[in-house]
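The structure appears below as structure tokens.
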Amino acid sequence: MIGTMALAVTACSKKERPRADLAASQVTTIGVNAYLWRATLDALSFMPLLQTDSNGGVIVTDWYANPKNPGERVKVTVSIVDQDLRADALRVAASRQVSQNGQWIDAPVQAATVQKLEDIILSKARDLRRAAIAG
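Read in order, the letters of the sequence shown are residues 11 to 145 in the numbering used here.
Here's what the structure looks like:
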């Protein structure tokens, strides 16, 4: 009788339990972190894209001029440099030009502008991951 109970308990413990499919912070089916990649494309969706390389993790926009301020244009380059969803896995660089006498002249970009764009991308990436976990 004890042997039968031991066998039954052992058989139950070997049964594979269903596991929750938690969204990993390292999703790399495209070469880089998929959450950061999708979040970057979403954040920059209003700008024309010049180059995208999902294996290398680089997204480059073409010049974008806000219709409310046509005398200024911006170009953004985002590099995703790690497979993990981390703040230091994202590098954002922006170039800005202003129109003077019909010519585009390089102008400085405020550091706060680049930081804000990084924050937007990271927030979107975290939201995508949370949605995948809740999914």
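Cβ coordinates follow ideal geometry from the N, Cα and C atoms, glycine included.
Specify the secondary structure class of residue i as computed by DSSP and reduced to three states.
i       : result
Lys-126 : helix
Val-83  : Note on residue identity: the sequence assigns Arg, not Val, to residue 83. Arg-83: strand per DSSP, three-state reduction.
Asp-31  : Note that Asp-31 has pLDDT 43, beneath the 50 cutoff, so the model's placement of it is unreliable and no number is given.
Ser-64  : coil
Arg-136 : helix
Val-19  : Unreliable placement is indicated for Val-19, whose pLDDT of 43 sits below 50; the coordinate value is still reported in the next sentence. Note: Val-19 maps to helix in three-state DSSP.
Ala-144 : helix
Ile-69  : strand
The alpha helix (DSSP H) with residue i in it runs from where to where?
i      : result
Ala-44 : 44 to 53
Please name the residue, chosen from the options, that lies closest to residue i on a Cα-to-Cα basis.
i       : options                           : result
Ala-117 : Arg-101, Glu-82 and Ala-99        : Glu-82
Asp-189 : Asn-76, Leu-46, Ile-40 and Lys-78 : The first residue shown for the chain is 11 and the last is 145, placing residue 189 beyond what the model contains.
Val-91  : Asp-63, Ala-122 and Gln-113       : Asp-63
### Query
Within the chosen definition, does the stretch 68 to 88 reach the stretch 51 to 60 through at least 3 CB pairs nearer than 8 Å?
Judged by Cβ distances under 8 Å, the stretch 68 to 88 makes contact with the stretch 51 to 60, as three or more pairs qualify.
### Message
Closer than 8 Å is the cut-off here; do at least three beta carbon pairs connect the stretch 105 to 114 with the stretch 127 to 143?
### Response
Contact between the stretch 105 to 114 and the stretch 127 to 143 is absent, because fewer than three Cβ pairs lie under 8 Å.
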